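Chains as they are written, first to last, in our numbering: chain U, 8 to 387; chain F, 8 to 387; chain R, 8 to 387; chain L, 8 to 387. The next block holds one structure in the form of structure tokens; read it before the comments.
Protein chains: 4
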Amino acid sequence: MKKKLNIGLVGYGFMGRTHSNAFVQAPRFFDVPYEPILKAVCARNADRVKAFASNWGYESIETDWRALVDRKDIDLVDIASPNDTHAEIAIAAASAGKMVTCEKPLARNAAESEKMVTAAESARVPNAVWYNYRRVPAVTLLKQLIDEGKLGRIFHYRAQFLQDWTISSDLPQGGEGLWRLDVAVAGSGVTGDLLAHCIDTAMWLNGTIDKVTAMTETFVKERKHQLTGKMEKVGIDDACAFLARFSNGSLATFESTRYARGHKALYTFEINGEHASIFWDLHDLHRLQYFDHRDEGRVRGWRNIHVSDGDQPYMKNWWVPGLQIGYEHSFVHQVADFLQGLADGKPAKPDFKDGLATDYVTDAVLKSAKSQKWENVKKA
Amino acid sequence: MKKKLNIGLVGYGFMGRTHSNAFVQAPRFFDVPYEPILKAVCARNADRVKAFASNWGYESIETDWRALVDRKDIDLVDIASPNDTHAEIAIAAASAGKMVTCEKPLARNAAESEKMVTAAESARVPNAVWYNYRRVPAVTLLKQLIDEGKLGRIFHYRAQFLQDWTISSDLPQGGEGLWRLDVAVAGSGVTGDLLAHCIDTAMWLNGTIDKVTAMTETFVKERKHQLTGKMEKVGIDDACAFLARFSNGSLATFESTRYARGHKALYTFEINGEHASIFWDLHDLHRLQYFDHRDEGRVRGWRNIHVSDGDQPYMKNWWVPGLQIGYEHSFVHQVADFLQGLADGKPAKPDFKDGLATDYVTDAVLKSAKSQKWENVKKA
Amino acid sequence: MKKKLNIGLVGYGFMGRTHSNAFVQAPRFFDVPYEPILKAVCARNADRVKAFASNWGYESIETDWRALVDRKDIDLVDIASPNDTHAEIAIAAASAGKMVTCEKPLARNAAESEKMVTAAESARVPNAVWYNYRRVPAVTLLKQLIDEGKLGRIFHYRAQFLQDWTISSDLPQGGEGLWRLDVAVAGSGVTGDLLAHCIDTAMWLNGTIDKVTAMTETFVKERKHQLTGKMEKVGIDDACAFLARFSNGSLATFESTRYARGHKALYTFEINGEHASIFWDLHDLHRLQYFDHRDEGRVRGWRNIHVSDGDQPYMKNWWVPGLQIGYEHSFVHQVADFLQGLADGKPAKPDFKDGLATDYVTDAVLKSAKSQKWENVKKA
Amino acid sequence: MKKKLNIGLVGYGFMGRTHSNAFVQAPRFFDVPYEPILKAVCARNADRVKAFASNWGYESIETDWRALVDRKDIDLVDIASPNDTHAEIAIAAASAGKMVTCEKPLARNAAESEKMVTAAESARVPNAVWYNYRRVPAVTLLKQLIDEGKLGRIFHYRAQFLQDWTISSDLPQGGEGLWRLDVAVAGSGVTGDLLAHCIDTAMWLNGTIDKVTAMTETFVKERKHQLTGKMEKVGIDDACAFLARFSNGSLATFESTRYARGHKALYTFEINGEHASIFWDLHDLHRLQYFDHRDEGRVRGWRNIHVSDGDQPYMKNWWVPGLQIGYEHSFVHQVADFLQGLADGKPAKPDFKDGLATDYVTDAVLKSAKSQKWENVKKA
């Protein structure tokens with residue numbers, strides 16, 4: 008009989024849905040030692056949170072996250088609300104002895120994140136941040152390849168995360184579905200929202216970053232705020248690019264924007280090593296491109312690997328070779344690994360400290376964009 | 008309050024899993040008028056069916072499908088067991104007044120399928136066959152494009168379904184996980200298993216097929232049978248290719264094999280019309296290739312469409328633009344449409360009669376492979 | 008000092024240009040033992056043939072091919088005129104003791120081709136047919152791979168040649184630039200023009216074809232004839248598809264059409280062997296797709312090989328790795344190999360006899376399309 | 008009767024071959040007003056220059072470029088020798104009243120290039136620099152699209168030029184075929200050799216660059232020098248990446264390396280505009296990727312354009328739709344345009360001044376890599 012793990016979710020937006028689905032699906036497809044129970048979901052709008060609870064099978068609702076955190080029957084508080092709420096909720100939850108899982112970025116800036124790490128470590132509660140892309144099977148596979156030394160010395164890392172959904176100047180900022188454009192809520196624009204993903208993956212795969220030089224731009228300077236109804240200055244970065252040097256001596260370029268026509272969520276990265284190179288692309292997330300220089304010269308080429316076989320990470324738990332999985336499965340894998348980690352006493356990564364490490368990079372990036380200088384990155 | 012629909016599933020293999028997942032996920036992501044209740048699952052091995060029931064949340068088990076069919080608390084019998092069981096179960100279920108949904112192909116041959124159609128139509132029970140690929144969003148989208156006349160007169164249709172999993176002559180035939188290689192159970196090899204998919208899609212998109220000329224081959228002539236332990240003659244077709252003429256005057260080529268190295272489940276098809284052409288590929292099922300000759304000449308090219316936007320079929324119910332879904336979602340969509348069809352009194356397609364139409368084609372194909380002549384296709 | 012080889016070209020159309028370019032470029036890029044001298048070009052229109060000669064540096068012109076054949080200073084007669092002229096010119100040239108190179112298809116049908124073979128073999132003159140695609144480096148490379156046994160036993164061959172330039176019914180037939188639509192001149196439609204290419208490559212790579220079953224279609228039944236100005240029945244096949252069995256036991260599908268929107272000259276073929284598969288595409292002719300099942304499972308994938316390295320066929324004579332060559336280079340390679348073959352006493356293939364072998368297949372295909380039966384293929 | 012233009016070529020390496028081929032092929036495929044005559048080729052090694060002259064049909068040779076420059080029968084001096092010779096030869100040739108065409112980069116640095124511009128402008132001689140990629144048909148086409156306003160306001164430009172040929176530390180530097188690794192001869196590493204191409208295209212398409220911040224790296228610190236036989240410090244940059252701001256407000260990233268496994272000459276660039284985006288890739292140079300947001304939403308996607316039609320730049324002069332051209336054709340186009348420009352009195356771009364503008368950028372890039380600061384770019 009599996010142990011039950013009572014979940015209390017905060018937030019019912021896009022991320023509330025992906026997390027809920029992950030909690031439900033994980034035990035169906037993975038032989039996990041805990042069964043997540045959807046105990047409660049919390050959000051301010053009672054009608055909408057009721058509808059959400061009904062749809063997903065949450066047993067109860069709350070409209071104040073403090074009430075949720077206080078509940079005895081909640082084992083784990085999962086934070087899927089906007090960035091400006093992360094720190095306060097996470098700290099309270101940890102202090103109340105709850106496990107805490109938090110949507111990325113960990114917080115609006117490293118100062119907030121540091122407090123979250125302190126709270127979680129003081130309380131010694133299991134904690135995690137949802138950098139889900141680590142657990143796309145193709146990405147997990149390439150992590151294995153790197154760890155096995157198949158790439159050899161790494162020379163280059165390049166990543167980008169390109170979108171095109173904010174080009175229209177008619178798009179308002181702030182409020183329902185648009186808080187990512189409101190700097191007070193989000194903390195930053197593409198840097199915290201998109202580059203944070205790129206940085207988390209990069210440091211997981213290639214180690215720490217020493218220093219960066221960056222530029223940012225806000226193409227649309229003013230937008231109507233959805234809540235105030237007024238034209239207000241836009242405070243977020245619409246685009247950000249930076250150069251970086253990793254501690255292992257490799258060079259990197261990172262870029263993100265919401266002004267790249269034709270790209271909806273084009274997160275790609277490539278790593279060039281002495282012996283082999285790899286490339287991955289979120290728009291075809293079930294594929295891995297791999298070039299191995301040790302192949303015979305005449306027939307050397309980039310291998311287009313359809314990551315759907317049983318000997319590839321996570322895939323024996325899904326369908327049969329050739330049948331692809333999608334975006335939400337990366338969250339399911341994160342839940343499966345988290346639950347297994349609980350049982351093993353080996354907490355699944357990334358945890359709050361990893362989230363903080365990423366925030367140190369994004370802070371340095373934003374600082375460099377202002378100072379117009381290379382900035383060193385603080386290590387977590 | 009949604010009405011409940013009590014499901015009784017027969018079979019717990021690969022298809023038992025996809026169907027169960029679809030019943031569970033459909034009401035989470037689609038606003039359907041019925042809520043499927045996993046009432047019972049049936050298979051001969053009691054231990055394994057218990058484990059399956061526990062994993063998926065089925066309320067009860069049966070080890071004899073006749074008992075399942077007799078149960079008053081079952082509204083719908085879903086058949087996910089091997090092909091040789093389809094007809095008997097479906098006919099009994101329909102006769103018992105149950106709705107019936109049956110995995111494809113409808114049966115081992117058209118003679119069996121005809122009886123199933125008769126039974127379902129006599130009993131006037133809602134019925135469906137799981138040709139799931141119609142509901143991959145990219146495929147549904149191209150159906151819309153065809154229906155809107157965007158392609159104009161159709162000249163060519165070509166489809167293939169290529170796999171490579173039976174090349175080794177050491178692979179046994181028959182029994183657990185391998186009944187698809189046993190002609191007595193499966194009815195045929197790639198023709199019923201894979202080409203049936205191609206034919207269902209083709210007739211849905213391009214109308215009926217008038218005649219065919221075919222060739223089949225069995226590359227490995229003898230295999231050890233898993234159940235008897237003896238080397239036995241292989242009765243299935245390992246590969247099959249045929250030429251066809253559609254009633255609308257277009258020409259077609261179809262091919263399937265399990266001996267195409269490098270292809271796991273490469274179902275592709277292309278349609279060439281007077282004004283536009285389209286191409287789809289199961290290995291990247293979230294993409295549609297579309298060429299429109301009416302685009303300006305200098306910048307005319309195949310459009311690689313990432314089918315993940317809210318204005319594309321089914322996609323507003325999933326994530327956000329750029330984030331892909333996978334294989335199992337096509338089954339979820341089928342359940343959603345089936346439930347909606349129940350409420351609307353407009354049964355969702357494909358139904359048993361459509362399944363029979365496909366079986367008439369596969370029968371003609373297998374007949375032609377023997378007769379070495381063009382054979383006419385019976386119309387359903 | 009290189010020996011000179013005096014060329015007499017017949018025809019100044021598309022193929023007259025590719026051949027002329029090949030004669031000129033071959034000695035620049037390949038260390039060939041003969042230097043082709045552009046001695047004379049022949050065509051009926053004196054003004055146009057003069058302009059052509061001036062452009063390409065031909066020393067003289069003729070307006071009657073018989074005069075060209077009679078000239079003492081011509082060593083090799085190269086035939087680039089329409090199909091209906093091939094046999095007569097080639098036979099006369101061979102009888103006059105000239106080497107003969109002839110554009111494909113060798114003739115309008117095998118009966119004509121047989122006479123050409125007889126003439127060339129009786130006269131013991133070097134002869135060749137311009138099936139240029141054998142000498143695209145990617146294609147030559149895959150021939151090497153097959154000959155080395157890298158694919159193992161071959162199960163499947165599939166080829167297609169798709170175009171879209173005759174869809175408009177306003178396009179006239181016959182005459183300048185359009186003789187390929189005039190059955191009296193061309194002999195057949197896509198079968199002789201396009202499938203002949205597919206068949207030549209296929210038999211070179213995979214051996215002889217035993218039997219075929221085919222269908223053809225003429226979508227536009229009448230077109231205005233450019234020379235007569237009248238609407239006339241269209242005699243060519245607009246589209247043709249056939250199934251085939253090779254002598255080595257492999258199965259094949261072939262298809263060609265000029266009614267496939269979006270494809271200009273999409274000649275593709277794929278071969279599936281026991282150990283490996285290969286795919287090639289004329290639209291990206293500098294690339295070879297290669298899948299090797301012996302690669303480690305986790306990182307197995309189709310290799311996209313950019314055929315531009317010095318260890319790949321012909322490429323050390325061109326630029327540097329990464330820089331692609333184009334269509335016309337295949338003709339240059341054919342000239343280089345032909346000239347080397349002359350010096351070595353090992354005539355370069357394909358020769359007239361190979362051309363005849365292909366015509367036997369196209370004849371059987373056209374016969375099957377009429378008889379609606381499988382037809383055996385005569386062997387050359 | 009065409010006027011003759013007497014060419015005197017300096018250098019017989021890789022670029023000597025591409026230029027010679029271009030001079031020969033241009034009048035065969037384009038109706039140009041001048042016929043280039045291969046009058047003389049010059050290099051220090053008499054035997055090798057003789058062999059080169061014989062192969063390409065140069066009428067005479069020189070072993071001292073000063074003698075070539077002094078010859079009365081030379082109209083145009085074409086410089087295809089290493090970078091350290093460009094300035095001296097070009098200045099002398101211009102001063103002698105010759106037209107001058109010079110391989111890129113114009114010189115080792117802007118200081119040298121400024122003198123070349125001054126010399127050419129003082130002498131009022133036609134001059135050009137061989138940034139050949141402007142005349143790849145796909146690139147020329149996208150220039151047209153930009154000029155027509157199809158992209159609208161430009162937000163982003165990103166370019167990379169990735170190679171992998173110097174990863175081995177056993178590769179010597181300097182001397183025959185390897186002067187690009189010798190900083191004294193080349194001036195810089197990938198910055199002048201590869202990024203210069205990227206920058207020339209970028210400024211042609213997107214206007215001037217205002218400022219840059221860069222990083223460079225030399226991965227292999229010492230290599231044996233081919234001429235001295237000794238291990239010597241490597242002075243070139245093996246890799247370089249920079250961020251840039253264009254005068255039109257768009258942001259850019261540029262990267263080049265010779266340490267990117269799997270890439271031979273992967274020059275790619277992408278431009279994101281308000282309405283449309285474009286992408287091009289040297290490894291498939293005959294293709295253009297184009298995304299137009301104004302296409303209907305459901306069927307919006309990146310168009311993969313096979314640039315081989317008669318209505319696309321330069322292509323009506325080559326073969327037929329679907330048949331691709333290669334690398335060397337870009338040089339042929341440059342000669343054709345240069346000759347036409349001579350007749351029209353509208354000199355073809357890029358000229359020396361354009362070459363200098365690029366050198367101002369590469370100088371600023373290298374300066375920034377040292378200063379670790381943003382550097383302003385001088386305007387030509």
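Even glycine gets a Cβ: it sits at the ideal position worked out from N, Cα and C. Every value quoted in this text rests on a predicted model; they were computed, and no experiment measured them.
Identified DSSP bridge partners for residue i
i                 : result
Ile-86 (chain R)  : R:Val-17 and R:Cys-109
Phe-276 (chain L) : L:Ala-166 and L:Trp-287
Residue-chain proximity (residue i, chain U), Cβ-Cβ < 9 Å
i                 : result
His-300 (chain L) : yes
His-204 (chain F) : no
Ala-87 (chain F)  : no
Leu-295 (chain R) : yes
Asp-316 (chain R) : yes
Residue range of the unbroken alpha helix (DSSP H) whose run includes residue i
i                 : result
Val-76 (chain L)  : 72-77
Asp-4 (chain R)   : Residue numbering for chain R in the displayed model covers 8 to 387; residue 4 (chain R) lies beyond these limits and cannot be assessed.
Gln-151 (chain F) : 144-154
Met-210 (chain F) : 203-213
Thr-369 (chain L) : 359-378
Ile-96 (chain R)  : 93-102
Thr-125 (chain U) : 117-130
Ala-50 (chain F)  : That residue, Ala-50 (chain F), is in no alpha helix (DSSP H); it is neither H nor E in DSSP.
Assumed close pair residue i, residue j - CB separation to whole angstroms, cut-off 8 Å
i                 : j                 : result
Phe-359 (chain L) : Val-124 (chain L) : 5 Å
Glu-2 (chain U)   : Lys-79 (chain U)  : The structure shown does not extend to residue 2 (chain U), since chain U spans only 8 to 387, so no value can be given for it.
Gln-331 (chain R) : Gly-333 (chain L) : 5 Å
Asp-244 (chain L) : Thr-223 (chain L) : 4 Å
Ala-203 (chain R) : Thr-365 (chain R) : 5 Å
Limits of the beta strand (DSSP E) - the one that residue i falls within
i                 : result
Leu-258 (chain U) : 258-264
Leu-295 (chain F) : 294-299
Val-219 (chain R) : 216-224
Proximity test, Cβ basis, 9 Å: residue i and chain F
i                 : result
Thr-235 (chain R) : no
Contact with chain L by residue i, beta-carbon distance below 9 Å
i                 : result
Gln-32 (chain F)  : no
Ile-312 (chain F) : yes
Ala-246 (chain U) : yes
Within-9 Å CB hit, residue i to chain R
i                 : result
Phe-286 (chain L) : no
Val-391 (chain U) : The requested residue 391 (chain U) does not occur in the structure, where chain U is confined to residues 8 to 387.
Neighbour list for residue i in chain A, Cβ cutoff strictly below 8 Å
i                : result
Phe-21 (chain F) : No chain A appears in this structure, whose protein chains are U, F, R and L.
Problem set entry | Near-chain L residues of the stretch 319-332 of chain F (beta-carbon distance less than 7 Å), N- to C-terminal order | With the criterion set as a beta carbon lying under 7 Å from some beta carbon of chain L, the members of the stretch 319-332 of chain F are Gln-319, in sequence order.
For this session: Scan the stretch 353-384 of chain F for residues whose Cβ lies nearer than 8 Å to a Cβ of chain R and list them as they occur along the chain.
Result: Taking 8 Å as the cut-off between beta carbons, the residues of the stretch 353-384 of chain F near chain R are Gln-379, Lys-380 and Trp-381, in sequence order.
Problem set entry | Residues within the stretch 145-162 of chain R neighbouring chain U, beta-carbon criterion of under 9 Å | Listed by position along the chain: Leu-148, Gln-151, Leu-152 and Lys-157.
Exercise. Which of the residues in the stretch 61-78 of chain R, read from start to end, lie with their CB under 7 Å from any CB of chain L?
Worked result: Cβ contacts with chain L come from Asn-62 and Trp-63.
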